[in-house]
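Working notes for the structure below.
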Amino acid sequence: MNLRRTDNRYDLHQTTWFSWITDRITLKTVSIAATFSGIALLTGVAVGRSNSTQKNNVDESKKYVGIYNEGATCYMNTLIQTLFHLPEFKRRIFASRSSSGIIYAFQKLFYNMQFNNGATASTANLMDAFGWGNTDANIQQDIQELTRLLLEVLENVNPQLTALFEGQTRSYIECTKVDFKSSRIEMFHDLQLDVSRSKNVLQSFVNYTSPELLYGPNQYNTDDQRYGRQDALKGVRFVTLPPVLMLHLERYTFNPYTQARTKINTPYDVELKINLSRFVEDSDNNDVYCLHSVLVHKGNVNSGHYYNYVRTSLGVSDADVWHKFNDDTVSEVGEYEVLSSKAYMLCYVRESEIPNVMCKFQKSEISPQLVERIERDSGMCVIL
């Protein structure tokens, strides 16, 4: 049996930036909702740019569009591209009737990315809805923090928006010498996987689910007079996995000798298809996942650049077609480049859910009133 040390889960509430920005979002959302009829900043285009003249640098008849880097917002751009290329997520965003300024900013951004004739998109409106100013735009943040922050905000607005990413784990403690055990069910929207002791996703899942032995001075206190303190196994099992699986790879570690964070650049195999059924309780062998996108961070622990690869053919054709989204530049790339990249985050779609998750989104699915509003606010020609 494999044993591991206690897994130090990432606690966003210990992150100063996260706490600060959450407060900003709460205040900004209330403010936007209160003045919703008078929104002027959610225009879909950054100040000083012409929506009709600034075209995206693409190589496939403007089929895919990039996003401007507003300073140091490449981390946001990569996440937006991943979410945008999940049609079912896009469908749920447009179906939302929330008065939240953040939801409208998403609707407007996604609309401009799909129906604005290949013009490069801007996240300026979304940043404004989040309460971020020019200073925030020039500070690069971690994409894992942003992912969890974003999904938490969307879940508070409408739980259906994040149901695509929602799975369940069972944290358990089982005594090894007496019949005593305890467990609790927890929800997750993404997982953080070890790469320092793993060479691929399957091995990371083995390490993630391998129990820790509590013994000696670390014995488990049962709080039961019959058993007292006992040797026990402490671990995690998966109850359910979500339709869309977001995996963050732990590329950073703390070096106790230098008292600083360092980046882990060891190779990590990225696979097009993975079967996670053996890690799921009562699995019906339906936990096979296909790779959708790969997010990459190039640089060191203090600085760098994010970009991502999206499997644009997933659910569309049998051919494996990949596109690289590097801010406002979009290009088609080969599979080898994708699989040999030093992945920082992976997005997989359950194979059986591909027909639903990747079903092409049509303009006719948007309410005419919302189309009219977005096109009016964006200065576009209104065509219903």
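Each step along the sequence shown adds one to the number in full-length UniProt numbering, with nothing skipped, and position 131 is 131.
Note that beta-carbon positions come from the ideal geometry of N, C-alpha and C, so glycine has one too.
Treat the numbers as computed from the prediction; the structure is a model and nothing was measured.
Notebook entry, point to check: Nearest CA to the CA of residue 161: which residue from 333, 93 and 132?
Noted result: The residue with the shortest Cα to Cα distance from residue 161 is 93.
Next item on the list: Identify which residue in 264, 340, 215 and 307 has its Cα closest to the Cα of residue 68.
Entry: Check the Cα spacing between residue 68 and each of 264, 340, 215 and 307: the tightest is with 307.
Next item on the list: Inspect the beta-carbon positions of residue 131 and residue 240 and report whether they are closer than 8 Å.
Entry: No, these two residues do not count as a Cβ contact at 8 Å.
Next item on the list: Kindly indicate the opening and closing residues of the alpha helix (DSSP H) around residue 108.
Entry: Looking at the DSSP string, the run of the alpha helix (DSSP H) that includes residue 108 is 101-115.
Margin query: I need the straight-line Cα distance from residue 244 to residue 348, nearest angstrom please.
Written below: A direct Cα-Cα distance of roughly 6 Å separates residue 244 from residue 348.
Margin query: For the alpha helix (DSSP H) containing residue 274, name the first residue and the last one.
Written below: Element bounds for residue 274: not the alpha helix (DSSP H) but the beta strand (DSSP E), 273-275.
Next item on the list: Could you check if residue 184 is buried or exposed, using at least 16 other CB atoms within 10 Å of its CB as the buried criterion?
Entry: By the neighbour-count rule (16 or more Cβ atoms within 10 Å), residue 184 is not buried but exposed.
Notebook entry, point to check: How would you label residue 187, buried or exposed, when you count the other beta carbons within 10 angstroms and need 16 or more for buried?
Noted result: By the 16-neighbour rule on beta-carbons within 10 angstroms, residue 187 is exposed.
Note to self: If I follow the unbroken beta strand (DSSP E) through residue 358, where does it start and stop?
What the structure shows: Residue 358 -> no beta strand (DSSP E), and no H or E assigned at all.
Notebook entry, point to check: Who are the Cβ neighbours of residue 106 in its own chain at under 7 Å, not counting the five residues just before and after it?
Noted result: Excluding positions up to five away in sequence, the list reads 93 and 126.
Note to self: Helix, strand or coil, according to DSSP, for residue 352 in the structure here?
What the structure shows: Residue state, collapsed to three classes: helix.
Note to self: Short of 7 Å in beta carbon distance, which residues of its chain neighbour residue 98, apart from the five on each side in sequence? Order them along the chain.
What the structure shows: If we look at residue 98 and ignore the five residues flanking it on each side, its Cβ neighbours are 157 and 158.
Next item on the list: Report the partner residues of residue 197 according to the DSSP bridge assignment.
Entry: Beta-bridge pairing links residue 197 to no other residue.
Margin query: From the DSSP secondary-structure annotation, give me the bridge partner or partners of residue 324.
Written below: According to DSSP, which records beta bridges pairwise, residue 324 is partnered with 309 and 331.
Notebook entry, point to check: Counting pairs of beta carbons, one from the segment 307-316 and one from the segment 281-295, are three or more of them closer than 8 Å?
Noted result: Below 8 Å, enough C-beta pairs join the segment 307-316 and the segment 281-295 to call them touching: three or more.
Item checked: Neighbourhood of residue 209 by C-beta, 7 Å cutoff - its chain only, sequence neighbours within 5 removed -> Excluding its 5 nearest sequence neighbours in each direction, residue 209 has C-beta neighbours in its own chain below 7 Å: 235, 236, 237 and 279, listed in chain order.
Next item on the list: Going by DSSP, name the residue or residues bridged to residue 345.
Entry: Residue 345 pairs with 248 and 295.
Note to self: Excluding the 5 residues flanking residue 247 on each side, which residues of the same chain have their C-beta closer than 6 Å to its C-beta?
What the structure shows: Annotation for residue 247: 191, 193 and 346 place their beta carbon closer than 6 Å to its own, counting only its chain and skipping 5 residues before and after.
Checklist line | Contact set for residue 344: own chain, Cβ-Cβ below 8 Å, skip 5 residues either direction | finding: Cβ-Cβ distances below 8 Å link residue 344 to 143, 248, 249, 251, 295, 296, 297 and 306 in the same chain, with the five nearest sequence neighbours on each side left out; the list follows chain order.
Notebook entry, point to check: Taking three-plus beta-carbon pairs below 8 Å as touching, is the segment 78-95 in contact with the segment 364-382?
Noted result: Remark: three or more beta-carbon pairs, one from each stretch, lie closer than 8 Å, so the segment 78-95 and the segment 364-382 are flagged as touching.
Notebook entry, point to check: What does residue 221 pair with, by DSSP beta-bridge criteria?
Noted result: Per DSSP, the beta-bridge partners of residue 221 are 229.
Next item on the list: May I ask you to report which of helix, strand or coil DSSP gives residue 213?
Entry: Three-state result, residue 213: strand.
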